[in-house]
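Here the protein sequences come in this chain order: A and B.
Counting from 1, position 13 in the first sequence corresponds to residue 25 in the numbering used here; the numbering is continuous, with no gaps.
Counting from 1, position 350 in the second sequence corresponds to residue 601 in the numbering used here; the numbering is continuous, with no gaps.
What follows is a set of notes on a single structure, which appears directly below.
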Amino acid sequence: QTVTVTVLDHLERLALVDFRDAEGVERLQKAIQFADQLHEVNTDGVEPMDSVLEDRCLYLREDDVTEGNCMNELLKNAKEKVEEYFVAPPGNIPLPKLEERDTFLQ
Amino acid sequence: AAKGCGGVWRRAWRRGAGGPSPALCGQRAVACNAGGGAVPAGKSGLAPWVPVVGLEIHAQISSNTKLFSGSQVKFAAPPNSLVSFFDASLPGTLPVLNRRCVEAAVMTGLALNCSINKKSLFDRKHYFYADLPAGYQITQQRVPIAVNGSLSYSFCIDNKMSQIVTKTVRIKQIQLEQDSGKSLHDDTRSQTLVDLNRAGVGLMEVVMEPDMCCGEEAAAAVRELQLILQTLGSSQAVMAEGQLRVDANVSVHHPGEPYGVRTEVKNINSIRFLAKAVDYEVQRQIEELESGGTVLNETRAFDSKLGCTVPMRDKEGKQDYRFMPEPNLPPLILYDAKSLPANMNHQQVVNIDWIHERLPDLPSVKRAKLVEWYGILPEHSFTLLNEDGLAEFFENVVKQTQMKPKKVIGWILNDLLSYLKQHSLTVKESPISSFLLADFLNLLEKKEISSTAAKQVLAELWKGGGKTPLEIVKEKKLELIQDQKELEQICQTVIDGHKSE
């Protein structure tokens with residue numbers, strides 16, 4: 013069972029990853045196969061584990077101000093800024109459609 | 252004026268070519284049946300429609316710091332000054348849960364009759380937007396902190412305040428989640444300016460089942476939720492400051508048929524606009540379907556100036572959020588009196604029962620008490636609680652006057668409230684204090700002034716200036732004469748003056 017081009021395109025659009033070439037797709041393929049081994053285990057009546065931290069205590073913090081006030085440091089990371097604001101494009105720039113992209117997936 | 256809604260709409264008899272007629276924008280032109288339940292196709296010959304309205308409400312938690320970081324929560328601060336490294340999603344930072352936010356969510360869940368999940372989980376919801384630096388929002392999609400509650404709300408039929416209808420909407424769940432930053436769109440320079448002060452602030456998302464059928468019901472439900480949140484203190488719920496945000500999910504269908512396609516309506520900035528937006532969207536969908544069109548499963552924005560909903564940009568197509576468990580947070584465990592562990596640090600324990608015992612009187616309880624203690628009408632109790640500080644003012648006046656509460660309420664609702672409304676004043680800003688009003692009412696009660704004179708005194712009191720009612724009465728010589736002989740003399744003078752007639 014291979015991953016279809018539709019799924020790959022969908023993933024590239026959602027996650028902005030670039031599978032780049034046959035090797036990249038093959039790696040994804042192998043990762044899925046590896047994870048599929050989980051299906052070989054009988055999990056009837058077993059509660060799913062959603063985190064390796066499930067037996068840990070979730071630490072609760074007191075509601076005191078301890079951070080913030082570091083605008084200058086944060087803005088050093090900004091490619092572009094206007095006064096104290098980060099600058100971003102007017103809206104999301106969607107990935108061009110598959111036919112219009114220069115991609116291996118074509 | 253809005254009318255009570257029975258759940259079924261008839262097609263408005265005003266037709267407009269292509270889309271709802273302008274007259275419908277901002278105004279409900281369809282009369283509702285107040286009986287509830289489907290109405291058989293009658294005079295118009297058209298099949299009736301059943302509108303279905305569900306709400307997703309985001310309430311900003313009233314806390315000093317954010318949900319997962321120690322940066323301050325404050326409205327209107329210099330841009331990006333209340334942002335920690337975690338809020339900016341710098342690598343190497345981790346979320347640390349704020350205990351106060353958990354307590355706020357538990358309080359709210361209990362107040363809304365929910366089951367509190369003793370174990371709840373955090374998830375990541377992925378999407379790209381400039382004001383979401385991490386590229387995902389930490390939320391509770393699989394197992395939220397509270398589920399299966401209910402909210403009772405009331406509103407008046409016929410706007411006469413004489414017939415109150417009480418309905419209930421089911422609460423599907425309440426979840427804790429992060430707020431995003433703010434985007435300011437600069438269309439002239441084709442760019443967006445991002446302020447992350449709000450990024451990471453704690454939110455309670457309250458999901459209401461689609462049990463409502465019109466704008467009036469939605470508005471009444473949100474108003475009651477707002478009052479509850481403010482009473483609990485878990486959120487200040489001021490819509491104008493973005494502390495309470497409401498999205499409406501609207502669809503229509505014929506009775507007996509499956510639910511129709513729903514649209515999501517966003518950008519609703521006040522409770523009044525909520526009612527308008529919902530009613531407009533219902534009407535728009537009915538007209539669309541009746542003229543042979545279809546309703547798209549889309550997100551629309553409410554334009555308050557035009558009173559219409561319009562398709563929203565950047566929201567085309569269905570989103571795939573790729574939910575996954577938040578790997579950096581263990582499950583959130585809450586305790587009650589029974590399950591309380593013996594040796595645990597107090598600070599690390601949130602005890603549901605402890606919180607339950609300390610819940611303040613909810614609005615519905617306060618109203619019932621006002622009616623019981625003072626003998627006022629139920630609709631009066633609604634008005635008292637609807638205005639910030641008014642119930643307290645009323646009770647203070649009652650304490651300081653001999654006039655019966657049933658009479659006092661008239662002065663509070665008719666004279667005081669209408670004056671404040673006319674001059675856009677809050678109860679706190681009232682030129683007449685509860686002490687002065689009580690004083691004034693005492694003069695009336697003791698029959699020291701007539702009702703006509705009372706109006707003059709009141710007018711004088713409104714001007715402020717600190718004069719007591721008694722001082723005004725003496726100044727203007729408005730005292731009622733009680734002395735029998737003096738009255739006889741005056742009458743005699745009048746009769747003498749008209750002897751000739």
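We treat Cβ as the ideally placed atom computed from N, Cα and C, and that holds for glycine.
Practice task
Could you name each continuous beta strand (DSSP E) segment of 3 residues or more that falls completely within the region 484-520 of chain B, going from the start of the chain to the end?
Solution key: Complete beta strand (DSSP E) runs here, min 3: 495-504, 514-519.
Handout entry: Close Cβ partners of Q278(B) (< 7 Å) along its chain, the five nearest in sequence each way excluded
Key = Residue placement at Q278(B) is poorly supported in this model, since its pLDDT is 32, which falls under 50; the coordinates still yield a value, given next. Cβ within range, chain order: n/a, list empty.
Problem - DSSP three-state assignment for C742(B), whether helix, strand or coil - result: helix
Handout entry: Coil, strand or helix - T560(B) by DSSP
Key = Correct three-state label for T560(B): strand.
Exercise for the section: Count the C-beta pairs between the region 612-625 of chain B and the region 382-402 of chain B that are closer than 8 Å, then say yes if the count reaches three, no if not. Expected result: no
Exercise for the section: Taking only the alpha-carbon atoms, compute the straight-line gap between L583(B) and R449(B) and give it to the nearest angstrom. Expected result: 24 Å
Exercise for the section: For chain A, find out if any of its Cβ atoms is closer than 8 Å to the Cβ of Y380(B); answer yes or no. Expected result: Closer than 8 Å: yes.
Practice task
At 7 Å on the CB atoms, spell out the chain A contacts of A339(B), in chain order.
Solution key: L86
Problem - Residues within the region 583-605 of chain B neighbouring chain E, beta-carbon criterion of under 9 Å - result: No chain E appears in this structure, whose protein chains are A and B.
Problem - Rounded straight-line distance, which links the Cα of L540(B) to that of D462(B) - result: 22 Å
Problem - Residues of the region 412-445 of chain B with Cβ closer than 9 Å to any Cβ of chain A, in chain order - result: Of all residues in the region 412-445 of chain B, G432, S434, L435, H436, D437, D438, R440, S441, Q442, T443, L444, V445 have a Cβ within less than 9 Å of some Cβ in chain A.
Exercise for the section: Take F98(A) and list the residues in its own chain whose beta-carbon comes closer than 7 Å to its own, dropping the five residues that flank it on each side. Expected result: A90
Problem - Buried/exposed call for K370(B), threshold 16 Cβ in 10 Å - result: exposed
Problem - Under 7 Å (Cβ pairs) to chain A, residues found in the region 322-347 of chain B - result: S322, Q323, P329, P330, N331, S332, L333, V334, S335, A339, V347
Exercise for the section: Give the straight-line distance between the Cα atoms of A704(B) and K655(B), rounded to the nearest whole angstrom. Expected result: 20 Å
Practice task
Determine the burial state of Y71(A): buried for a count of at least 16 other Cβ atoms within 10 Å of its Cβ, exposed for fewer.
Solution key: exposed
Exercise for the section: Mind the definition here: the region 518-532 of chain B touches the region 479-488 of chain B only if three or more C-beta pairs lie below 8 Å; say whether that holds. Expected result: no
Exercise for the section: In angstroms with no decimal places, state the Cα-to-Cα distance between V17(A) and K109(A). Expected result: 13 Å
Handout entry: V503(B) beta carbon less than 8 Å from that of V473(B)
Key = no
Problem - Coarse secondary structure for A552(B), derived from DSSP in three states - result: strand
Practice task
For C276(B), collect the residues of the same chain with a Cβ closer than 7 Å to its Cβ; drop the 5 residues on either side in sequence, then sort them by chain order.
Solution key: Any reading at C276(B) must be qualified, since the residue scores a pLDDT of 25, below 50, and its modelled position is unreliable; the value itself is stated next. Once the five neighbours on either side are set aside, the close Cβ partners of C276(B) are Y531, L557, G558, C559.
Problem - Backbone secondary structure at I105(A) - three-state DSSP - result: coil
Handout entry: Contact under 8 Å by Cβ, K325(B) with D338(B)
Key = Annotated as distal: K325(B) and D338(B), with beta-carbon spacing of 8 Å or more.
Exercise for the section: Let me know the secondary structure DSSP gives S702(B) once reduced to three states. Expected result: helix
Handout entry: Neighbourhood of P629(B) by C-beta distance below 8 Å, restricted to the same chain and skipping five residues each side
Key = The answer, listed in chain order, is I415, R618, V622.
Handout entry: Identity of the residue in F574(B), A362(B), I537(B), L435(B) nearest Q481(B) by Cα
Key = Measuring from the Cα of Q481(B), the nearest candidate turns out to be A362(B).
Handout entry: Close-in-space but distant-in-sequence residues of the same chain around I308(B) (CB under 6 Å, 5 per side omitted)
Key = V457, V497
Exercise for the section: Taking only beta-carbon positions, decide if F31(A) is within less than 8 Å of chain B. Expected result: no
Problem - Within chain A, the residues that R350(B) reaches when beta carbons sit closer than 8 Å - result: L72, R73, E74, D75
Handout entry: Spatially closest choice to E77(A) from V452(B), T359(B), K423(B), L444(B), by CA coordinates
Key = Per the sequence shown, the amino acid found at residue 77(A) is Val instead of Glu. When each option's Cα is compared against that of V77(A), the closest is V452(B).
Handout entry: Three-state class that DSSP yields for Y531(B) in the structure shown
Key = helix
Handout entry: Rounded separation between S675(B) and A328(B) - CA only
Key = 27 Å
Problem - Any 3 or more C-beta pairs closer than 8 Å across the region 51-62 of chain A and the region 341-352 of chain B - result: no
Problem - Proximity to Y586(B) [Cα-Cα], best of V353(B), V347(B), E508(B) - result: V353(B)
Practice task
Please decide whether N520(B) counts as near chain A, where near means a Cβ-Cβ distance under 8 Å.
Solution key: no
Exercise for the section: Rank M455(B), K706(B), A471(B) by C-alpha distance to the C-alpha of C407(B) and give the top, closest one. Expected result: A471(B)
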